[in-house]
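Enquirer:
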Amino acid sequence: MEKTLAKLGKFNKVIAISLPVVLSIFLVRMQSLAHQELSLPECRVKKWNIPVSLTVEKQKSPLIQRLPITCCQGDTSCFDELVYGEIPDKKALLSAIARSLQYLQTANAAAAYQNYPVAQIRRDRVLKSLKRFRELLLTTNSARELHQAIEREFVLYQSVGKDSKGSVLFTAYYEPLYAASRVPTPEYRYPVYRLPPDFNSWPKPHPTREELEGADGLQAAKGKLRGLELFWFRDRLEPYLAQIEGSARLQLPDGTQTTIGYAGHTAYNYKSIGRELVNDGKLPLEGITLPIILDYFQKHPQELNIYIPRDRSFVFFQENHGEPAQGSINVPLTAERSIATDKSLMPPGALALIRTSIPFANPTGKMEERIVSRYVLDQDTGGAIKGAGRVDYFLGTGKLAGDRAGVTVSNGQLFYLLLKSKN
Numbered sequence: 043m044e045k046t047l048a049k050l051g052k053f054n055k056v057i058a059i060s061l062p063v064v065l066s067i068f069l070v071r072m073q074s075l076a077h078q079e080l081s082l083p084e085c086r087v088k089k090w091n092i093p094v095s096l097t098v099e100k101q102k103s104p105l106i107q108r109l110p111i112t113c114c115q116g117d118t119s120c121f122d123e124l125v126y127g128e129i130p131d132k133k134a135l136l137s138a139i140a141r142s143l144q145y146l147q148t149a150n151a152a153a154a155y156q157n158y159p160v161a162q163i164r165r166d167r168v169l170k171s172l173k174r175f176r177e178l179l180l181t182t183n184s185a186r187e188l189h190q191a192i193e194r195e196f197v198l199y200q201s202v203g204k205d206s207k208g209s210v211l212f213t214a215y216y217e218p219l220y221a222a223s224r225v226p227t228p229e230y231r232y233p234v235y236r237l238p239p240d241f242n243s244w245p246k247p248h249p250t251r252e253e254l255e256g257a258d259g260l261q262a263a264k265g266k267l268r269g270l271e272l273f274w275f276r277d278r279l280e281p282y283l284a285q286i287e288g289s290a291r292l293q294l295p296d297g298t299q300t301t302i303g304y305a306g307h308t309a310y311n312y313k314s315i316g317r318e319l320v321n322d323g324k325l326p327l328e329g330i331t332l333p334i335i336l337d338y339f340q341k342h343p344q345e346l347n348i349y350i351p352r353d354r355s356f357v358f359f360q361e362n363h364g365e366p367a368q369g370s371i372n373v374p375l376t377a378e379r380s381i382a383t384d385k386s387l388m389p390p391g392a393l394a395l396i397r398t399s400i401p402f403a404n405p406t407g408k409m410e411e412r413i414v415s416r417y418v419l420d421q422d423t424g425g426a427i428k429g430a431g432r433v434d435y436f437l438g439t440g441k442l443a444g445d446r447a448g449v450t451v452s453n454g455q456l457f458y459l460l461l462k463s464k465n
């Protein structure tokens, strides 16, 4: 679910290979918006970076153990205040925890941790840590109290990031809501497709996107995808965006809703159409975001038939009948509490703490960035989420989530929380 156009390389599932695909995937690159000032420079940057004394380990592991970070005086962004806010988010966090606990007791989890590259991070320790965190969450009464308990009982394993100092690039993804039809009509013409029943026997290289559906997205009935149409969309771009995000919620003409999710993908790496626009001089590199890309294609819809075929990868779907979007570990994702990472490096289902800048809509609808800390569960992956320096943050379903995801791109830090070994 990378689930980004830089990332929409996240094929959320695409790679479970999963749902996070951030619309951020459209993002080629965007400089972070101005970060809010904190009390001291050490609180803004240095305090959260990997200490120099530990960086000698950087070649040995994607994660480096360190003690929890003591919050600076007056730095409320150090705490996950959303858990205990005016509209408490504790229930959502507990739900995400329950889903990870469910996963961690499966045979799939046992297999995933059998060859995990960090010896100290074992499935039983991840499971025990998550259960203890749940106890603390249920018995503490403030974000500060919870943080202090974590300082006493837990250690952190920090991602080395993209620079071996802990800097991680954050993008975001969401579950879009589109109008769609179960049957083709003059209005609904552009399909998404079921996984072909003989897909595992397709010879490689697989057919490209253009070979499967044509440059205009309307020619699939002439080839391998004939009869596999699942739903039809009104807009050429919408089924493509659904492929990038790895899932979608659909509003049908009779007023009912359903959902589709990732079922498989062809053996090609995602190619960002945002970057292609930049390479062709159609858009400037600096400041490019998904809304800017969408605006370009709204003004030049005929160019969709040029740029979409450049992405040779292709994603297949299944109908999930209203079930929420799922991550690569096959549990439902939770808005603001699920992340996607590179599962060859990061522990699936584990409890993490992220610290980064996230956009929020103010009362006028304008996006404003705030530095936040969030306890999250690592429940997804994505095609564009590669390496220790990438995280995709799931923001939920619908337009507001999409508006926020489209402008989420900033540097931050990623930590995994595990009980001290004596516990």
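Position one of the sequence shown corresponds to residue 43 (this note's numbering), numbered consecutively onward.
Positions of the beta carbon are idealized from the N, C-alpha and C atoms, including for glycine.
These numbers come from a predicted model, not from an experiment.
Rounded to the nearest angstrom, how far is the Cβ of Gln190 from that of Ile106, given a contact under 8 Å?
Expert: Looking up residue 190 in the sequence shown gives position 148. Looking up residue 106 in the sequence shown gives position 64. Actually they do not touch by this definition, with Cβ atoms about 23 Å apart.
Enquirer: Tell me whether Asp422 sits in a helix, a strand or coil according to DSSP, three-state version.
Expert: Here residue 422 refers to the residue found at position 380 of the sequence shown. The answer is strand: DSSP assigns Asp422 an E or B state.
Enquirer: Tell me the rounded alpha-carbon separation between Gly288 and Pro218.
Expert: As a working mapping, residue 288 is identified with position 246 in the sequence shown. As a working mapping, residue 218 is identified with position 176 in the sequence shown. Gly288 and Pro218: Cα-Cα distance of roughly 10 Å.
Enquirer: Run through the DSSP bridge pairs and tell me what Asp434 is partnered with.
Expert: Counting from one through the sequence shown, the residue named residue 434 turns up at place 392. Bridge partners of Asp434: Thr213, Ala382.
Enquirer: Among Lys313, Arg412, Asp258, Val125, which one has its Cα closest to the Cα of Asp117?
Expert: On the sequence shown, residue 117 is found 75 positions in, with the first residue counted as 1. Looking at the Cα atoms, Arg412 is the closest of the given residues.
Enquirer: With a threshold of 8 Å on Cβ separation, who are the neighbours of Arg141 within its own chain once the five nearest residues in sequence on each side are excluded?
Expert: Indexing the sequence shown from 1 puts residue 141 at position 99. If we look at Arg141 and ignore the five residues flanking it on each side, its Cβ neighbours are Val373, Pro374, Thr376, Leu419, Gln421.
Enquirer: Report the three-state DSSP secondary structure of Phe339 (helix, strand or coil).
Expert: As a position in the sequence shown, residue 339 is number 297, starting the count at 1. Phe339: helix per DSSP, three-state reduction.
Enquirer: Less than 7 Å between the beta carbons of Leu332 and Phe339, yes or no?
Expert: Within the sequence shown, the letter at position 290 stands for residue 332. Within the sequence shown, the letter at position 297 stands for residue 339. Not a contact, by the Cβ cut-off of 7 Å.
Enquirer: Within 10 angstroms of the Cβ of Gly127, are there 16 or more other Cβ atoms? Answer buried if so, exposed if not.
Expert: Start at 1 with the first residue of the sequence shown, and residue 127 comes out as number 85. Exposed, by the Cβ-count rule.
Enquirer: Starting from Pro233, trace the beta strand (DSSP E) in both directions and tell me its first and last residue.
Expert: For the purposes of this step, residue 233 is taken as residue 191 along the sequence shown, with counting starting at 1. Looking at the DSSP string, the run of the beta strand (DSSP E) that includes Pro233 is 232-235.
Enquirer: Do Tyr220 and Leu292 have their C-beta atoms closer together than 7 Å?
Expert: As a first step, residue 220 is located in the sequence shown; it is residue number 178 there, counting from the start. As a first step, residue 292 is located in the sequence shown; it is residue number 250 there, counting from the start. Result yes, Cβ atoms of Tyr220 and Leu292 sit closer than 7 Å.
Enquirer: Of all Cβ atoms in chain D, is any one closer than 7 Å to the Cβ of Lys266?
Expert: Of the protein chains in the structure, only one exists, and it is not chain D.
Enquirer: Could you give the residue range of the beta strand (DSSP E) that holds Phe358?
Expert: Working through the sequence shown from its first residue, we reach residue 358 at position 316. Segment 357-361, the beta strand (DSSP E) holding Phe358.
Enquirer: When DSSP labels each residue in this structure, what does Asn91 get in the three-state scheme?
Expert: For the purposes of this step, residue 91 is identified with residue 49 of the sequence shown, where counting begins at 1. Residue state, collapsed to three classes: coil.
Enquirer: For the ligand FAD, is there a heavy atom less than 6 Å away from the beta-carbon of Glu378?
Expert: For the ligand FAD, the structure offers nothing, since it holds no ligand at all.
Enquirer: Could you tell me the distance, in whole angstroms, from the CA atom of Pro110 to the CA atom of Leu459?
Expert: The residue you call residue 110 lines up with position 68 of the sequence shown. The residue you call residue 459 lines up with position 417 of the sequence shown. Computed Cα separation, rounded: 9 Å.
Enquirer: Hey, Cys120 and Ser452: beta-carbon distance below 7 Å or not?
Expert: Here residue 120 corresponds to residue number 78 of the sequence shown, with the count starting at 1. Here residue 452 corresponds to residue number 410 of the sequence shown, with the count starting at 1. Not a contact, by the Cβ cut-off of 7 Å.
Enquirer: Counting pairs of Cβ atoms below 8 Å between the segment 233-247 and the segment 359-370, do you hit three or more?
Expert: They touch, by the three-pair rule.
Enquirer: Ala402 to Lys266, Cα distance in whole Å?
Expert: By one-based count along the sequence shown, residue 402 stands at place 360. By one-based count along the sequence shown, residue 266 stands at place 224. According to the sequence provided, residue 402 is Phe. The question's Ala does not apply to it. So the alpha carbons of these two residues sit roughly 44 Å apart.
Enquirer: Please identify the residue among Glu255, Thr300, Asn242 whose C-alpha is closest to the C-alpha of Gly306.
Expert: The sequence position of residue 306 within the sequence shown is 264, counting from 1. When each option's Cα is compared against that of Gly306, the closest is Asn242.
Enquirer: Using a Cβ-Cβ cut-off of 8 Å (strictly less than) and excluding sequence neighbours within five positions of Leu442, which residues of its own chain qualify?
Expert: Walking along the sequence shown from the start, residue 442 turns up at place 400. Correct list, in chain order: Ala403.
Enquirer: State buried or exposed for Ser314, treating a residue as buried only when at least 16 other CB atoms are found within 10 Å of its CB.
Expert: In the sequence shown, the residue the question calls residue 314 occupies position 272. Buried is the call here.
Enquirer: Just reading off the alpha helix (DSSP H) that Phe175 is part of, what are its end residues?
Expert: Taking the first residue of the sequence shown as position 1, residue 175 is located at position 133. Its alpha helix (DSSP H) spans residues 165-181.
Enquirer: From Gln162 to Tyr145, what distance separates their C-alpha atoms?
Expert: Here residue 162 refers to the residue found at position 120 when the sequence shown is read from its first residue. Here residue 145 refers to the residue found at position 103 when the sequence shown is read from its first residue. Distance between the alpha carbons of Gln162 and Tyr145: 20 Å.
Enquirer: Consult DSSP for Asn453 and reduce its assignment to one of helix, strand or coil.
Expert: Against the sequence shown, residue 453 aligns to sequence position 411. Looking at Asn453 - three-state DSSP - the assignment turns out to be strand.
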